[in-house]
Ligand code: C2E
Ligand code: MG
Ligand code: MG
Ligand code: MG
């Protein structure tokens, strides 16, 4: 009986394994055809300067529309694109779109705002990131200082720190900004932070949410913010959802905030309107006597 059960379990696992595998293959071919059919969209989430209430930039976030409305979230296709070599084409699409869009807002007379693009470790190590960045900047005519490349700590997990330093330094020398994304959630080595030419530290939402309710969380958040500021990095708090969270991260000295409290990511043609709405809101808040205390 136990033998039978064992066999049954093996079948169960095999079935589930092949289901998971075929789901991955289906998603990989969906990514391929969505790229070929130009179905991917890039949406833009405002990043607000807490000192002056201005929207200084946007983060470009990939969206794959579903036939029945709604979007497949990046968490369901980025990792698959990374492991199936589609990330190079997808990454190139995002970089070109984001630079083009950022320049077109300027051409429309909007204030100069930066655009932050997420780049996977695979693009850094196996792709032609520098050439793609150069081509995106050249085609769009965007000022390099208005492009920010966001990398997560997973980029530290492979290969040599010297090679990474070379790539990042060359990008930085072109005037491109560099941000370390999701700080604290991944393969952290504080030594890397010190050696590499990052400009901005993005503190992951997990450190922000619940920090008002929990003194230990708050201490950790305060420590991370002061670490970043102590290293002369610009500090951005991610995932700010409530006014209380905004007050806390502002009080702790974060320079910028990004989160649903201000805005979710918007389609390209809504981004400028959204930024104007946030800036108007900031002015109102400064005029509010209760806030000035
Ligand atoms: P990320 O780079 O850390 O981007 C921030 C994520 O947090 C986005 O999720 C954004 O929609 C979400 N977010 C922002 N504010 C809030 C908030 O107040 N509350 C909550 N709950 N979430 C908030 P999204 O768009 O689902 O993207 C998830 C991740 O997928 C990104 O995390 C990034 O790592 C990756 N990703 C997205 N677009 C790209 C891309 O073009 N290339 C690469 N390589 N990765 C991408
Ligand atoms: Mg990011
Ligand atoms: Mg992040
Ligand atoms: Mg995050």
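Numbering (the working numbering), first residue to last: -6 to 286.
The beta carbon of each residue, even a glycine, is placed where N, CA and C say it ideally should be.
Take residue 105 and list the residues in its own chain whose beta-carbon comes closer than 8 Å to its own, dropping the five residues that flank it on each side.
Taking the first residue of the chain shown as 1, we reach residue 105 at position 112. Once the five neighbours on either side are set aside, the close Cβ partners of residue 105 are 99, 136 and 139.
Could you name the residues, in chain order, whose CB is less than 5 Å away from a heavy atom belonging to ligand 2?
That gives 111, 143 and 174.
From what residue to what residue does the alpha helix (DSSP H) around residue 131 run?
Here residue 131 refers to the residue found at position 138 when the chain shown is read from its first residue. 122 to 133 is the extent of the alpha helix (DSSP H) around residue 131.
In the DSSP assignment, find the unbroken alpha helix (DSSP H) run with residue 200 in it and report its ends.
Here residue 200 refers to the residue found at position 207 of the chain shown. 198 to 201 is the span of the alpha helix (DSSP H), which, as asked, contains residue 200.
Taking the alpha-carbon positions, what's the residue 212 to residue 252 distance?
Position 219 of the chain shown, counted from the first residue, corresponds to residue 212. Position 259 of the chain shown, counted from the first residue, corresponds to residue 252. Going from the Cα of residue 212 to the Cα of residue 252 covers about 21 Å.
For ligand 3, is there a heavy atom less than 7 Å away from the beta-carbon of residue 146?
For this step, residue 146 is matched to residue 153 along the chain shown. No; taking the cut-off as 7 Å, the Cβ of residue 146 has no heavy atom of ligand 3 nearer than that.
According to DSSP, which residues form a beta bridge with residue 37?
Start at 1 with the first residue of the chain shown, and residue 37 comes out as number 44. Looking at the DSSP assignment, residue 37 forms a beta bridge with 53 and 259.
With C-beta atoms as the reference, is residue 218 less than 8 Å away from residue 246?
To locate residue 218, count along the chain shown from 1; it is residue 225. To locate residue 246, count along the chain shown from 1; it is residue 253. Yes, these two residues count as a Cβ contact at 8 Å.
Just to check, is the beta-carbon of residue 265 closer than 7 Å to a non-hydrogen atom of ligand 1?
As a first step, residue 265 must be located in the chain shown, where it is residue number 272. Result no, Cβ not under 7 Å from ligand 1.
Measure the beta-carbon distance from residue 143 to residue 90 and round it to whole angstroms, keeping in mind my assumption that it falls under 8 Å.
What you label residue 143 is simply residue 150 of the chain shown in a count that begins at 1. What you label residue 90 is simply residue 97 of the chain shown in a count that begins at 1. The pair is not a contact, with the Cβ atoms about 15 Å apart (cut-off 8 Å).
Among the residues of its own chain, which have a CB less than 8 Å from the CB of residue -6, if the five just before and after it don't count?
Here residue -6 is taken as the residue at index 1 of the chain shown, counted from 1. Low confidence applies here, because residue -6 scores a pLDDT of 47, under 50, leaving its location unreliable and the question unanswered by this model.
Report the residue from 150, 94, 13 and 248 whose alpha carbon sits nearest the alpha carbon of residue 54.
The residue you call residue 54 lines up with position 61 of the chain shown. Here the closest residue by C-alpha is 94.
Could you give the C-beta distance for residue 270 and residue 232, rounded to a whole number, given that I count them as a contact under 8 Å?
For the purposes of this step, residue 270 is taken as the residue at position 277 of the chain shown. For the purposes of this step, residue 232 is taken as the residue at position 239 of the chain shown. That pair is no contact at about 20 Å.
In terms of residue numbering, what span does the beta strand (DSSP E) encompassing residue 70 cover?
Mapped onto the chain shown, residue 70 falls at position 77. No beta strand (DSSP E) contains residue 70, which DSSP labels as neither H nor E.
Could you tell me if residue 129 is buried or exposed, where buried requires 16 or more neighbouring beta carbons within 10 angstroms of its beta carbon?
Translated into positions along the chain shown, residue 129 becomes position 136. Label assigned to residue 129: buried.
Start and end of the alpha helix (DSSP H) containing residue 162?
Here residue 162 refers to the residue found at position 169 of the chain shown. Where residue 162 is concerned, the enclosing alpha helix (DSSP H) stretches over 154 to 166.
Say the cut is 7 Å; is the CB of residue 233 nearer than that to a heavy atom of ligand 1?
Translated into positions along the chain shown, residue 233 becomes position 240. Indeed, a heavy atom of ligand 1 lies less than 7 Å from the Cβ.
Reducing DSSP to helix, strand and coil, say where residue 82 ends up.
Taking the chain shown and counting its residues from 1, the one referred to as residue 82 is at position 89. Helix.
Looking at the structure shown, is residue 137 part of a helix, part of a strand, or coil, going by DSSP?
In the chain shown, residue 137 corresponds to position 144, counting from 1. Helix, per DSSP.
Report the partner residues of residue 176 according to the DSSP bridge assignment.
For this step, residue 176 is matched to residue 183 along the chain shown. DSSP, once it has assigned bridges, lists 196 as partnering residue 176.
DSSP on residue 169, reduced to helix/strand/coil?
On the chain shown, position 176 is the one that residue 169 refers to. Coil, per DSSP.
For residue 275, which residues of its own chain have a beta-carbon under 6 Å away from its beta-carbon, when the five flanking residues on both sides are left out?
By 1-based counting over the chain shown, the position of residue 275 is 282. Excluding positions up to five away in sequence, the list reads 46.
With three or more beta-carbon pairs closer than 8 Å as the criterion, would you say the region 58 to 66 touches the region 255 to 263?
At 8 Å Cβ cutoff, the stretches do not touch.
By alpha-carbon positions, which one of 72, 196, 15 and 163 ends up nearest to residue 242?
Within the chain shown, the letter at position 249 stands for residue 242. Comparing Cα-Cα distances from residue 242 to each of 72, 196, 15 and 163, the minimum goes to 196.
Are there any heavy atoms of ligand 1 lying less than 7 Å away from the beta-carbon of residue 71, as far as the coordinates show?
Here residue 71 refers to the residue found at position 78 when the chain shown is read from its first residue. Yes; taking the cut-off as 7 Å, the Cβ of residue 71 has a heavy atom of ligand 1 nearer than that.
According to DSSP, what are the bridge partners of residue 227?
Counting from 1 along the chain shown, the entry for residue 227 is found at position 234. The partner list for residue 227 (beta bridge, DSSP) reads 193.
Span of the alpha helix (DSSP H) holding residue 187?
Stepping through the chain shown from its first residue, residue 187 is reached at position 194. First-last of the alpha helix (DSSP H) with residue 187: 183 to 188.
Note down the Cα distance separating residue 189 from residue 177, rounded to an integer number of angstroms.
Looking up residue 189 in the chain shown gives position 196. Looking up residue 177 in the chain shown gives position 184. Rounded to the nearest angstrom, the two C-alpha atoms are 16 Å apart.
Closer than 7 Å: is that where the CB of residue 52 sits relative to any heavy atom of ligand 1?
Translated into positions along the chain shown, residue 52 becomes position 59. Result yes, Cβ under 7 Å from ligand 1.
Reducing DSSP to helix, strand and coil, say where residue 100 ends up.
On the chain shown, position 107 is the one that residue 100 refers to. Residue 100: helix per DSSP, three-state reduction.
Taking C-alpha atoms, which residue in 210, 83 and 13 lies nearest to residue 34?
In the chain shown, residue 34 corresponds to position 41, counting from 1. Among 210, 83 and 13, the Cα nearest to that of residue 34 belongs to 83.
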